[in-house]
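Residue numbers (this note's numbering), protein chains in the order written: chain A, 690 to 1019; chain B, 690 to 1019.
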């Protein structure tokens, strides 16, 4: 983490106050880091104590500059009062990639997340040296780096889908590669650099598609929908929400806008609707569905539930840079 | 509820969009009400799906007018884009007051909450007819009505404390009368108009004071404090938070500002501090302390923990109209 660079920036800008935002996984270090910044920069720091899920999610803070740690910026949001301080991880041995080789068919689309984006050249070199052609997809305006995945934007995979025979995701967890598996027809292999585990996303894709089909079926009879809209700067899709409302009304159903910042089951329990449509973070419906007591669909899934579209190849709801952010914060 | 009046106001103002805010207890009716307003006013409604605890807590919404239901306004906030739609309850039989009579010593300070404020004249009449002198305390600028209590502001009790021998609170729950019991030395009797239960707050006061003493003692050795600041318009006390930070530093401790909208234990777990000082809603430390894994103090309690003040008569942390709200939303 380039903390020196961040502190220099605070001095250059003459900041008296700084806001600090951390991903949940860094909560334990938050106060130590605030203490260090206060001491070294001689200013007052303020920790944002609300969960942050990405660069889509920068709150207002009454400070001269906000530093968001652990994420890359979304370039198209062009936030002048926010500094993104990435927290890259040191490159381990690449031996963990060996078990991927029998599963990959070149050309291979190489993908990762911001934590490991600095490894890309080394990863590519390793695969090329072993006879695989590697393609790294260019980002759209929402993504900072070639080959970088977001939960809500898999452009770096989609844009090279026709050119590759398989994808290799290097990183932890299923969240990011699942987005790729859902929105492309190519094999997706995930390799965890810390556990060495290598897996094919095919089974998980199948499971999730069944869950989505069940949710769509359950919602197909729903009369009243709660249409979730988040005010978070990179998740605010009010235009889409109003289109969803009109679509529902044209189909003889009803939709009611539910405006919130943080989307969570405790905040939605009790509303007398039959189902939800989520225009905020596109992954909540897919990854958190079990937490909600009513079916939750993405807007694209709603079109299937209303029989405006066929259940064909699955279309992941994404927020890409073709979605223009609001001119000012909601 | 004067829904006709609200709809007329929407027409008068030429609103195309309205935001609706409900207290948690009204979640079940929220969508039905949104539906009725949309239909009758011919506009688009948006429900705020974040918990609302009072008129201190009106979020930004991208609408022409916000209607907050169930609370009275805080007059000194002077919110031109918010309409407060009170939800008064029908006056039941006043027989439930009979059991209070042996416990009351006149003059009696009469207190209630906004849900029952329309009963005040009838309540007063009942007591006077039975030989008790009744005093109804005037509000400060944060409170809409004489005799009205807020969790964070018990001015209508404090300002008449010297003139009464006991207080009578008419309403449900302990939350409101507890504030009175903690901040005055007079007997506080609570009468529930729906269950008929009559109780003296003395035992609860004693229990809570013991809990506060324990929290203060636990925090007295704390080196690092998290200083909670909420951005909610009527709870934002950044000036106080910075004073707390300076106070801690002058005592050789450290305080780190934690900025959040909604204060909840899940958002604070994991921060490496020994205790919290809460400058947001003053009742969280008192009523929700069991939910937090570290001691949480009010700013006044912190002064005792740091031995800047003696543990004498308990001073309830309040937000009154002497606390100037921010010029604009944080």
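Ideal Cβ placement from N, Cα and C applies to all residues, glycine included.
Owing to the predicted nature of the structure, the values given are computational and were not obtained by experimental measurement.
Take residue 853/A and list the residues in its own chain whose beta-carbon comes closer than 7 angstroms to its own, dropping the five residues that flank it on each side. Excluding residues within five positions, the ones whose Cβ falls inside 7 angstroms are 796, 797, 798, 824, 875.
Residue 803/A - DSSP class collapsed to helix/strand/coil: Helix at residue 803/A.
Taking 6 angstroms as the limit between beta carbons, can you name the residues of its chain near residue 783/B, skipping five residues before and five after? The residues 815, in chain order, have a CB closer than 6 angstroms to that of residue 783/B in the same chain once the five nearest residues on each side in sequence are set aside.
Residues from the segment 936 to 954 of chain A in contact with chain B, defined by Cβ distance under 8 angstroms: Across the segment 936 to 954 of chain A, CB contacts with chain B closer than 8 angstroms involve 943, 945, 946, 947, 948, 949, 950, 951, in sequence order along the chain.
Other residues of its chain near residue 971/A: CB distance less than 8 angstroms, five sequence neighbours each side excluded: So the qualifying residues of the chain are 840, 841, 987, 1005, 1006, 1007, 1008.
Using a Cβ-Cβ cut-off of less than 7 angstroms, list which residues of the segment 986 to 1004 of chain A approach chain B; keep chain order. Per Cβ criterion, the list is empty.
Against residue 717/A, what residues of chain B qualify as contacts under a CB-to-CB distance less than 9 angstroms, listed in chain order? Among the residues of chain B, those whose CB is under 9 angstroms from the CB of residue 717/A are 959, 960, 961, following chain order.
Can you name, in chain order, every residue of its own chain whose Cβ lies under 7 angstroms from the Cβ of residue 702/B, other than the five neighbours on each side? Only residues of its own chain outside the window of five on either side were considered, and among them 753, 754 have a CB closer than 7 angstroms to the CB of residue 702/B, listed in chain order.
Buried or exposed: which applies to residue 926/A, given that a residue is buried once 16 or more other Cβ atoms fall within 10 Å of its Cβ? With 16 or more other Cβ atoms from the protein chains shown falling within 10 Å of its own Cβ, residue 926/A counts as buried.
Let me know the beta strand (DSSP E) ranges lying completely inside the segment 860 to 928 of chain A, each 3 residues or longer, listed in chain order. Correct list: 876 to 880, 887 to 889, 913 to 919.
Can residue 912/A be considered in contact with the ligand NAP, in the sense that its beta carbon sits closer than 7 angstroms to one or more heavy atoms? The ligand NAP is absent from the structure shown, which contains no ligands of any kind.
Distance, residue 984/A Cα to residue 908/A Cα: Cα to Cα, residue 908/A sits roughly 6 angstroms from residue 984/A.
Proximity to residue 856/A [Cα-Cα], best of 888/A, 928/A, 969/A, 916/A: The residue with the shortest Cα to Cα distance from residue 856/A is 888/A.
Just the chain B side, please: which residues come within less than 8 angstroms of residue 956/A by C-beta, in chain order? Here the neighbours are 738, 739, 740.
Contained alpha helix (DSSP H) runs [length at least 4] in the segment 698 to 733 of chain A, N- to C-terminal order: DSSP assignment within the segment 698 to 733 of chain A yields the following whole alpha helix (DSSP H) runs of 4 residues or more, N-terminal first: 716 to 730.
How should residue 868/A be labelled, buried or exposed, when 16 other C-beta atoms within 10 angstroms of its C-beta is the threshold for buried? Taking all protein chains in view, the Cβ of residue 868/A is crowded by 16 or more other Cβ atoms within 10 Å, so the residue is classified as buried.
Which residue spans inside the segment 931 to 971 of chain A form an unbroken beta strand (DSSP E) run of at least 3? Counting only runs of 3 or more, we get 943 to 949, 964 to 967.
Using only CA atoms, which one of 996/A, 896/A, 950/A lies nearest to residue 939/A? Closest in alpha carbon position to residue 939/A, among 996/A, 896/A, 950/A, is 996/A.
Among residues of its own chain, excluding the 5 on either side of residue 881/B, which ones have a beta-carbon nearer than 6 angstroms to its beta-carbon? Excluding the 5 residues flanking it on each side, residue 881/B has same chain C-beta neighbours closer than 6 angstroms at 861, in chain order.
Can you check whether the CB of residue 833/A is closer than 8 angstroms to the CB of residue 663/A? Residue 663/A is absent from the structure shown; chain A starts at 690 and stops at 1019.
Residue range of the unbroken alpha helix (DSSP H) whose run includes residue 993/A: Going by DSSP, residue 993/A is part of the alpha helix (DSSP H) stretching over 988 to 994.
Terminal residues of the alpha helix (DSSP H) in which residue 757/A lies: Careful: residue 757/A lies outside any alpha helix (DSSP H), inside the beta strand (DSSP E) at 754 to 758.
Nearest-angstrom Cα separation, counted from residue 728/A out to residue 894/B: When rounded, the distance between both Cα atoms is 42 angstroms.
Kindly list, in the order they appear in chain B, the residues whose Cβ is closer than 8 angstroms to that of residue 721/A. Per Cβ cutoff of 8 angstroms: 961.
What does a CB cutoff of less than 6 angstroms around residue 924/B pick up in its chain, not counting 5 residues either side in sequence? Sequence-distant Cβ neighbours of residue 924/B in its own chain, meaning closer than 6 angstroms and more than five residues away, are 745, 969, 970.
Please identify, using Cβ separations under 9 angstroms, the residues of the segment 722 to 733 of chain B that lie next to chain A, in order along the chain. Flagged, chain order: 723, 724, 727, 733.
Within 8 angstroms of any Cβ in chain B, is that where the Cβ of residue 763/A sits? Chain B, which has no Cβ nearer than 8 angstroms to the Cβ of residue 763/A, makes this no.
With a cut-off of 8 angstroms, does the C-beta of residue 913/A fall near any C-beta of chain B? Interface residue, yes.
With 8 angstroms as the threshold, decide whether the Cβ of residue 690/B is near any Cβ in chain A. Not an interface residue.
Proximal residues to residue 730/B (C-beta, below 6 angstroms), its chain only, five neighbours per side dropped: The beta carbon of residue 730/B sits closer than 6 angstroms to those of 696, 699, all from its chain and outside the five residues before and after it, given in chain order.
Along the segment 920 to 931 of chain B, what residues have a CB closer than 8 angstroms to any CB found in chain A? Under the 8 angstroms Cβ criterion, the segment 920 to 931 of chain B contributes 920, 927, 931.
Among 919/B, 936/B, 878/B, 829/B, whose alpha-carbon lies nearest the alpha-carbon of residue 748/A? When each option's Cα is compared against that of residue 748/A, the closest is 919/B.
For residue 785/A, name the three-state secondary structure that DSSP assigns. Three-state result, residue 785/A: helix.
Does residue 1011/A pass the burial test, meaning 16 or more other C-beta atoms within 10 Å, or should it be called exposed? Taking all protein chains shown into account, residue 1011/A has fewer than 16 neighbouring C-beta atoms within 10 Å of its C-beta and is therefore exposed.
Between residue 1014/A and chain B, is there a C-beta pair that is closer than 8 angstroms? It does not; no Cβ of chain B falls within 8 angstroms.
For a contact defined as C-beta to C-beta under 7 angstroms, what are the partners of residue 735/A on chain B? Here the neighbours are 946, 948.
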